[in-house]
Structures are given as structure tokens and as C-alpha cells.
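There are 2 protein chains.
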Amino acid sequence: MISVEEASRLVRATARPLPSETIALTAATGRVLQQPLYADRDFPPFNRVAMDGIALSFAAIAAGQTDFPIEATQLAGTAPQPLRNALAAIEIMTGAMLPPGTDVVVRYEDLEFHEANGQRIARVQVPPPAAGHNIHHQAADRQQGDLLLPAGTRLGPAEIAVAATVGAAVVPVARPLRVAVVSTGDELVELTQTPLPHQIRRSNAYMLRAALLEAGAEGEIFHFNDDQQTLRQGLPPLLAGFDALVLSGGVSKGQADFLPEILREVGVTQIFHEVQQRPGKPFWFGQQAGGAVVFALPGNPVSTFVNFYQYVRPWLRQCQQPQAVLPQLMAVLAASFAFKPPMTHFLPVRLEASPHGHLLAHPQPAGGSGDLASLLQCDGFLRLPPEQELFKAGDAFPLIRFREW
Amino acid sequence: MISVEEASRLVRATARPLPSETIALTAATGRVLQQPLYADRDFPPFNRVAMDGIALSFAAIAAGQTDFPIEATQLAGTAPQPLRNALAAIEIMTGAMLPPGTDVVVRYEDLEFHEANGQRIARVQVPPPAAGHNIHHQAADRQQGDLLLPAGTRLGPAEIAVAATVGAAVVPVARPLRVAVVSTGDELVELTQTPLPHQIRRSNAYMLRAALLEAGAEGEIFHFNDDQQTLRQGLPPLLAGFDALVLSGGVSKGQADFLPEILREVGVTQIFHEVQQRPGKPFWFGQQAGGAVVFALPGNPVSTFVNFYQYVRPWLRQCQQPQAVLPQLMAVLAASFAFKPPMTHFLPVRLEASPHGHLLAHPQPAGGSGDLASLLQCDGFLRLPPEQELFKAGDAFPLIRFREW
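Going down the list, the protein sequences come from chains X and Y. The numbers in the first sequence follow UniProt numbering, run straight up by one, and end at 405. The numbers in the second sequence follow UniProt numbering, run straight up by one, and end at 405.
In C-alpha cells, the structure reads:
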């Protein structure tokens, strides 16, 4: 039986970059850029006035002048008019281009205005310390041609704004991953059906589809009964049409658990079966030569859940952003906890933000891997290593978070 | 000028709960439930077999019996058949209903099988410690009628699974917030246009729309030039048609910044103008009597960004989940930092996950509130309080995070 680390490595090794599609920037939030984006102009593209006030020549200030007649007014978005009289000033607004002949801006807060002979005059109360004050200089942040967003960048609000600035009305992004979610199990009935006493409604498939959506992938739900012929016929079209299959149920030791055998028959090569972990040990993983990968997860809901977040989600991210190195969040155990079997234990925890900047992880009581409802009180799992038996309060362990605040 | 705390309180006080709409569970990921969901059956609904193996009577084990003839096989999803002979066993699969007459399950791993006179016999190698072993008992997790999901719950993957289990094929959820994003400023041209030397493309509106989407709201973009008549006519239909308006630009001291005046004219009452913070001081906030709220944010991109995450996003969440108390994440300053003005400072930071369970916040150099590109290197802002001037490495401060990993 292999370790969690080895299983994770083998899963990640099957990730492949996704093909591109070009979409409108307004549809691209959360998507991953496929080509680098460069600055088409300097950032800022001109000496940009950073405060409302007056623009003038610092030489006049340095010479002790305090009163400046207003020669003109210049709003943002208008072509700049040069200062004609070096001892005068132009009233100017944030976002405007600095007028030729000026090199400093004094903000309204540091000015007083009066009129003399019908001429509006600004008196400088607090002189600026140097030329360039209150000016956001051309190319101060980025130069034309600079790389702004490398390929592989996830487009959040800041990246969308930068793309808008350079006029990227459409962007090449990775197409969404397409995942078939397959539930198996004769005890499972549809959501809309009333189950017989020995039946339950399927829930894992809906959980997996929701988790895929949150991870930026598309999930489509299929159901097969525990019947070899049905699976033998049903799986090949899914292998051909999807990037990955995520199955739940059918991989433990039971008589109806012939899924690994059928998967081999339809051309999926086993990469591993069973991982040294609890819950979720019977996890089976394989890949069709050069094609879809298959995550066959055990059907107990907590096992399905843990395996999704430990293996499937990192695989999705690796496909979406092959270059990204995602940081491993750690959390501090809030109460000591013992787990003796020599396997990695995924401990359900509720998180608390400590005033000292820690994430505190409170172990949550759970009724075993069948206790779906226990997940409602949890924010994630701590991944407790197999070589330890006692996990002490105050120690930090890797956190798998499935709920953000 | 009011403090950040007071401004935040005044903003949150205007939040109103959203009307309901009923949608398919498959469309409800990330939405907020509007009515409580109860258990329609016990969880589990029957004594559920938790391991593949055999079901038998513990009395026989206690009496020292080790060999059990297999009377029948029962898969998950079939009606249970009672054990006829109390000294025999039923071969049974995970997920099946425990057969009447049995009270314990021995898993395959603890059994060996052989045949005698054509009869399949299971030999118990590791006897179970007590009756009830490997059985997930009816109602162990939840009882019929128990509250599973209170109104106001955000529907993540675990909640979607629980809703599926109780047959909630459609669910009442809060309708999405509708927000009009309004950019102003004559210097701004459309994404698809080539700007003149003194113009720039609009980016704040796209940033705000993306940030709204990430927060689960709908954003629609409008643009008005800095012209009083245009604004006077353009704003009332937006106030009538949206829950909130988020404007950027037009609220500082400049001659073209008549937005507060126009807003008053069209019936929006000012709640505050200017907050003791940097960046983002000129923030104006108001509300139409019983109607839309108006966030008029300063137009410098970093100011817009900070104000969105400090004020707009919490307001959205308060409308979506009025009962939720969201924890305040804290992060540890990785390098000392000085900021003297007596105002709250939003310090751009890059986050690092420490091996000890801290979030470390590295201050990022930025070219001021106009430096949009500096946000690309940041994950959030630390909110540094006004009464301090020196912020020491190792101290923890409230974190506003705008990028998840």
C-alpha cells in the first residue's frame, strides 16, 4: 500500500496543460491566462497629476514666490496646455496630464485662493518639498513592453483591471476542465424519488459536482447500477468525452465492487489501488493511455470528500496552472489528539482565526466516514502524518481547507 | 472625518436581507439558503453496514463459535432478508441494511473462507469486540426532524450533499445582489479604443465587476462623463433598478468632482464623506430613502480596490447572510513598518504560510494609490490602526485578503 505523499505525486504526474480558448475579458474572472500580457504603454502613460490643485514650476517656489495667478484650468481627459508664464500656475485635476512648463503640483489643502483685479490667484500655504511632488511620473510603475501577467496567471480582479488597461478586450484562457461524475451503487435513488427503507438518495455526485464548480471545473453527473455490463458499456464514452472521471463507490472489497476490473477491461491502466490513509483507503487511480484519468473514490461520503480535496482538486489546479506552486497552509491543533494506526489520518477540524495570526484547528467529533452531516461543522482536515501517534495541542500540521470565510 | 470602524459600522447598518428565489439544487452552489432544511429521515435511515464482510449474531461469537455457514448474500440496495439460523451468517456489503437477527459485522480482512460439503463457510480470525461493531446505527448522526441547515447557510459542497440526501431538488435561496458599477472621468476611454496621449482605458469598472462576481453578486457596468446633466439623468434609473451603485472617481476636491452634489439632488442622502484612512480618504457613502445604497469610491485604482474590500464586500455579505459573524483573519507582519499620519493605513502585503501555522504578511513596495500594477504582487492589505506609528515585525494585524490560494 502506498503513502499519501507517493499517491499525491503519482496523481499530479498525470496532469496535462489544457488547450486555449479566447473569451471576452468580462467572462474571464477566475480563468487562467494562456499567453503573457505586456504593457502597451508606460504605467502611467504620462506624467499624471496625483492630486487636485495647481501645477506650476518649482523654480518659482524655490525663489520664494507664494502667489500664483491661475492661467488656465485643466481637467483630466483634456489635452494639456503649456504654462505660458513661468511665474503663473494652471489649476489642475487628478488624472490630468502634467502641463509642459510645470514640474510640481500643490494640492488644494495646501492652498488659499483670492482674487485681485479680476484675476484668480492661488497662495501657497505649504510649499512642496521638491520638484515632482504630487506627480505620478510616466513609467514609474511599469515601462512599455514590460511583462505584466505571465501565462498561467489566474485572472482575479487586479489582473482583470490590468488587462483592461492594456486593452485586452478578449483573452486566451485555459478551457474549463470537463469532469464526469459517476455514482455507482444499487442502494442509491434519485434526488426526486422517495427511497425505500433500504435505499438512500445519491448525494456524493452532487457534492462532487459542487466541489468541481468551486474549483473552476465543469462536472456532469452520471449514474450506473452495480452491473458489469452496464459499466462496460457506459464508461468508454465518458473516457472519450471528458478529461477525468470521478467515481464514487465500488472500489472496496465487496462482491459488487468490480469497478477496478471493469476499468482495466475498458483500457484504463491502474496506477495505484489503496492508500495508507484513513478515511479513504480503498482509493483507486488510473489513466487511459494518453487519455482521461480516473479517480475511483470510496463511496462513504467523508472518504469521498477527503479524497476529492487531497487528490482531485490539486490535480485540477495542476492542469489549470502547471507552473503554479501553491503554498501549503498550516494550522495549529487546538487540542491534543491520538491516532495510532500507521496511516495518514485526515482529521476533520473547525477553524478559528487567533488574534496572534494563527489558524487554530479544533478537532470535530464525527461518526466515522459515513457521517456526512459532520462535515457541516467542519472547515477542513488536518493531515496528520503516519509516523506519529500523539498529536499535541500547539503543534502545526498541513491543512486542507474546503470552506473559505 | 470619521474613523474606519465608524464608517464600517454605518455601511453595515444599511444592509438589508434579500428576497428569495427558488432554484434547482444543481444551480445553488455558493448561494445562501433562505429556509431551514430538516432531516426527512434518520441519518443513517437504517442500521447501515459499514464494512464488506459477514453479518451475524454476536451471541454466537461470545459463545466461542468461529465457523459460520453463509446462509445468503445481501448487496447494498436490496431489501434485507432475516437470518434464519442464529448460528449462521449473511455475507453482506457496505451500505446494506443490517439483516434482522444479526447485530455485528465482521469485515473480510478478519475472515477466511472455505467450503465443506458444498457449503461456503466463513471462519472468524479476529473476533469483533462487541455487538454493534462495523455498524453505522440508525439515527447515530442525526434524527428525523433535526435541523440540518439553518436559513442563512451558504451552500458549499457539504451542504449540497446534505440537501441532496433529504431530497431538496429545488431550494429557496437569496437572489443575487444586483450592483451597478459606474465609472466617471473624461480621461477614460473604452477597452477597445486606442487612448490619446492624455487618456487611459477604464479599468476600475472591470476590476469592480470581477470582484463583485467573486463575492457572489452581479455587476453591470455603466459609464458617465463628468457632466452634471448626464449624471442627473443617468443615476435615477440605476437607483431604481439596482440594490447598490458602486461609483469610482468624482468624489475628491477637484472642480469636476460634483458627484456628491448630484447624488443629493437625485435623492441620495449622504451618510458620510471622507474617512480617516489612506489610501481611499475621499470615500462618499449614502442611501436613497429605503432604497439603493451608493458607494462613491475615489478613482485611484488602489483606493478603489481597498474601499471595495473594506466596505463593499462586507456589505454584500451582510445582505447575503445577515446572521453570519465572519471571523477576522489576522496576519503577522514580516518586517517592521512605519506610518505616521493619524489615520488607518491599508498596507499592501504578500502572504506566506509559515510552517508554524501563521500567515506572514510581507509589505510590498507600491508607487502610491495610482499604482494598479502593484496589486499583482499582493494578496491583501493589513489594516494598521491610526493610534500607532511604528508597526513591529512579529505583531499581528487584521488582514483583508483579496486573493485565495
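Virtual Cβ for every residue (Gly too), placed ideally from N, Cα, C.
Are the CB atoms of residue j and residue i within a distance shorter than 9 angstroms?
{"i": "alanine 158 of chain X", "j": "leucine 372 of chain Y", "result": "yes"}
{"i": "valine 179 of chain Y", "j": "leucine 25 of chain Y", "result": "no"}
{"i": "glycine 368 of chain Y", "j": "alanine 96 of chain X", "result": "no"}
{"i": "glycine 132 of chain X", "j": "aspartate 103 of chain X", "result": "yes"}
{"i": "residue 408 of chain X", "j": "aspartate 110 of chain X", "result": "Not covered by the structure: residue 408 of chain X. The range shown for chain X is 1 to 405."}
{"i": "alanine 174 of chain Y", "j": "proline 19 of chain Y", "result": "yes"}
{"i": "phenylalanine 224 of chain Y", "j": "leucine 231 of chain Y", "result": "yes"}
{"i": "proline 301 of chain Y", "j": "leucine 375 of chain Y", "result": "yes"}
{"i": "alanine 396 of chain Y", "j": "alanine 334 of chain Y", "result": "no"}
{"i": "glycine 250 of chain X", "j": "glycine 185 of chain X", "result": "yes"}
{"i": "threonine 344 of chain Y", "j": "arginine 403 of chain Y", "result": "no"}
{"i": "histidine 358 of chain Y", "j": "valine 349 of chain Y", "result": "no"}
{"i": "methionine 1 of chain Y", "j": "glutamate 274 of chain Y", "result": "yes"}
{"i": "aspartate 52 of chain Y", "j": "lysine 392 of chain X", "result": "no"}
{"i": "valine 124 of chain X", "j": "arginine 201 of chain Y", "result": "no"}
{"i": "alanine 89 of chain Y", "j": "alanine 55 of chain Y", "result": "yes"}
{"i": "leucine 329 of chain Y", "j": "phenylalanine 381 of chain Y", "result": "no"}
Of the residues the options, which one's Cα is nearest the Cα of residue i?
{"i": "glycine 145 of chain X", "options": "X:Leu37, X:Val171, X:Val312, X:Gln125", "result": "X:Leu37"}
{"i": "alanine 7 of chain X", "options": "X:Gln321, X:Trp405, X:Ala393, X:Ile271", "result": "X:Ile271"}
{"i": "phenylalanine 295 of chain X", "options": "X:Val302, X:Asn307, X:Pro301", "result": "X:Asn307"}
{"i": "proline 17 of chain X", "options": "X:Pro279, X:Val105, X:Ala324, X:Gln277", "result": "X:Ala324"}
{"i": "valine 189 of chain Y", "options": "X:Thr78, X:Val32, X:Gly380, X:Val293", "result": "X:Thr78"}
{"i": "tryptophan 315 of chain Y", "options": "Y:Gly291, Y:Leu10, Y:Pro100", "result": "Y:Leu10"}
{"i": "alanine 289 of chain X", "options": "X:Thr269, X:Gln277, X:Val275, X:Gln276", "result": "X:Thr269"}
{"i": "glycine 101 of chain X", "options": "X:Val124, X:Ala116, X:Pro80", "result": "X:Pro80"}
{"i": "leucine 196 of chain Y", "options": "X:Ile400, X:Pro45, X:Val293, X:Pro348", "result": "X:Pro45"}
{"i": "leucine 177 of chain X", "options": "X:Gln233, X:Pro341, X:Ala211", "result": "X:Ala211"}
{"i": "histidine 137 of chain X", "options": "X:Pro298, X:Leu329, X:Asp42", "result": "X:Asp42"}
{"i": "serine 183 of chain Y", "options": "Y:Glu261, Y:Pro365, Y:Leu297, Y:Ala59", "result": "Y:Leu297"}
{"i": "proline 322 of chain X", "options": "X:Leu259, X:Pro150, X:Gln229", "result": "X:Pro150"}
{"i": "isoleucine 221 of chain Y", "options": "Y:Arg401, Y:Ala215, Y:Tyr206", "result": "Y:Tyr206"}
{"i": "valine 32 of chain Y", "options": "Y:Gly152, Y:Phe113, Y:Gly234, Y:Gln229", "result": "Y:Gly152"}
{"i": "leucine 247 of chain X", "options": "X:Ser303, X:Pro341, X:Asn117", "result": "X:Ser303"}
In whole angstroms, what separates the C-alpha of residue i from that of residue j?
{"i": "leucine 213 of chain X", "j": "aspartate 227 of chain X", "result": "29 angstroms"}
{"i": "valine 181 of chain Y", "j": "glutamate 389 of chain Y", "result": "36 angstroms"}
{"i": "aspartate 141 of chain X", "j": "alanine 338 of chain X", "result": "53 angstroms"}
{"i": "isoleucine 160 of chain Y", "j": "glycine 219 of chain X", "result": "14 angstroms"}
{"i": "glycine 267 of chain Y", "j": "leucine 155 of chain Y", "result": "37 angstroms"}
{"i": "serine 336 of chain X", "j": "aspartate 40 of chain Y", "result": "36 angstroms"}
{"i": "glutamine 255 of chain Y", "j": "glycine 370 of chain Y", "result": "20 angstroms"}
{"i": "arginine 107 of chain X", "j": "leucine 98 of chain X", "result": "14 angstroms"}
{"i": "alanine 164 of chain X", "j": "glutamine 276 of chain X", "result": "48 angstroms"}
{"i": "histidine 356 of chain Y", "j": "arginine 278 of chain X", "result": "24 angstroms"}
{"i": "aspartate 379 of chain X", "j": "glutamine 310 of chain Y", "result": "24 angstroms"}
{"i": "valine 293 of chain X", "j": "isoleucine 23 of chain X", "result": "27 angstroms"}
{"i": "glutamine 74 of chain X", "j": "glycine 30 of chain Y", "result": "47 angstroms"}
{"i": "valine 4 of chain X", "j": "asparagine 134 of chain Y", "result": "25 angstroms"}
{"i": "glutamine 35 of chain Y", "j": "alanine 28 of chain Y", "result": "14 angstroms"}
{"i": "proline 236 of chain X", "j": "alanine 13 of chain Y", "result": "56 angstroms"}
{"i": "alanine 116 of chain Y", "j": "valine 162 of chain Y", "result": "46 angstroms"}
So, at 8 angstroms on beta carbons, what are the nonlocal neighbours of residue i in its own chain, with the 5 sequence-adjacent residues on each side left out?
{"i": "residue 419 of chain Y", "result": "The structure shown does not extend to residue 419 of chain Y, since chain Y is modelled only from 1 through 405, so no value can be given for it."}
{"i": "alanine 76 of chain Y", "result": "Val49, Met93, Thr94, Gly95, Ala96"}
{"i": "alanine 169 of chain X", "result": "Ala24, Leu25"}
{"i": "residue 412 of chain X", "result": "The structure shown does not extend to residue 412 of chain X, since chain X is modelled only from 1 through 405, so no value can be given for it."}
Among residues of its own chain, excluding the 5 on either side of residue i, which ones have a beta-carbon nearer than 7 angstroms to its beta-carbon?
{"i": "serine 354 of chain Y", "result": "Leu360"}
{"i": "leucine 147 of chain Y", "result": "Pro36, Tyr38"}
{"i": "proline 282 of chain X", "result": "Val251, Ser252, Glu274, Pro298"}
Return the chain-ordered list of same chain residues with a C-beta closer than 6 angstroms to the C-beta of residue i, the five sequence neighbours on each side being excluded.
{"i": "alanine 15 of chain X", "result": "Trp315, Gln318, Cys319"}
Taking Cβ-Cβ distances shorter than 7 angstroms, what residues in chain B pair up with residue i?
{"i": "alanine 211 of chain X", "result": "The structure shown has no chain B; the protein chains it does contain are X and Y."}
Chain Y contacts made by the segment 351-376 of chain X, where a contact means CB separation under 9 angstroms
Leu351, Glu352, Ala353, Ser354, Pro355, His356, Gly357, His358, Leu359, Leu360, Ala361, Ala366, Gly367, Gly368, Ser369, Gly370, Asp371, Leu372, Ala373, Ser374, Leu375, Leu376
At a CB distance below 9 angstroms, what residues from the segment 155-179 of chain Y approach chain X? Give them in sequence order.
Leu155, Gly156, Pro157, Ala158, Glu159, Ile160, Ala161, Val162, Ala163, Ala164, Thr165, Val166, Gly167, Ala168, Ala169
Chain Y contacts made by the segment 316-337 of chain X, where a contact means CB separation under 8 angstroms
Leu326, Pro327, Gln328, Leu329, Met330, Ala331, Val332
Residues of the segment 197-209 of chain Y whose Cβ lies closer than 9 angstroms to any Cβ of chain X, in chain order:
Pro197, His198, Gln199, Ile200, Arg201, Arg202, Ser203, Asn204, Ala205, Tyr206, Met207, Leu208, Arg209
Check each residue of the segment 77-104 of chain Y: if its Cβ is closer than 8 angstroms to any Cβ of chain X, include it; give the result in chain order.
Gly77, Thr78, Ala79, Pro80, Glu91, Met93, Thr94, Gly95, Ala96, Met97
According to a CB-to-CB cut-off of less than 7 angstroms, which residues of the segment 114-136 of chain Y neighbour chain X?
His136
Taking any Cβ of chain X, which residues in the segment 251-282 of chain Y have a Cβ under 8 angstroms from it, in chain order?
Ser252, Lys253, Gly254, Gln255, Ala256, Asp257
To be precise: take each residue of the segment 284-299 of chain Y, compare its Cβ to all Cβ atoms of chain X, and keep it if any distance is under 8 angstroms. Which residues remain?
Gly299
Please list the residues of the segment 25-39 of chain Y that have a C-beta atom closer than 9 angstroms to any C-beta atom in chain X, keeping them in chain order.
Leu25, Thr26, Ala28, Thr29, Gly30, Ala39
Chain X contacts from the segment 217-245 of chain Y (Cβ-Cβ distance under 9 angstroms)
Ile221, Asn225, Asp226
Using a Cβ cut-off of 8 angstroms, which residues of the segment 66-77 of chain X contact any Cβ in chain Y, in chain order?
Thr73, Leu75, Ala76, Gly77
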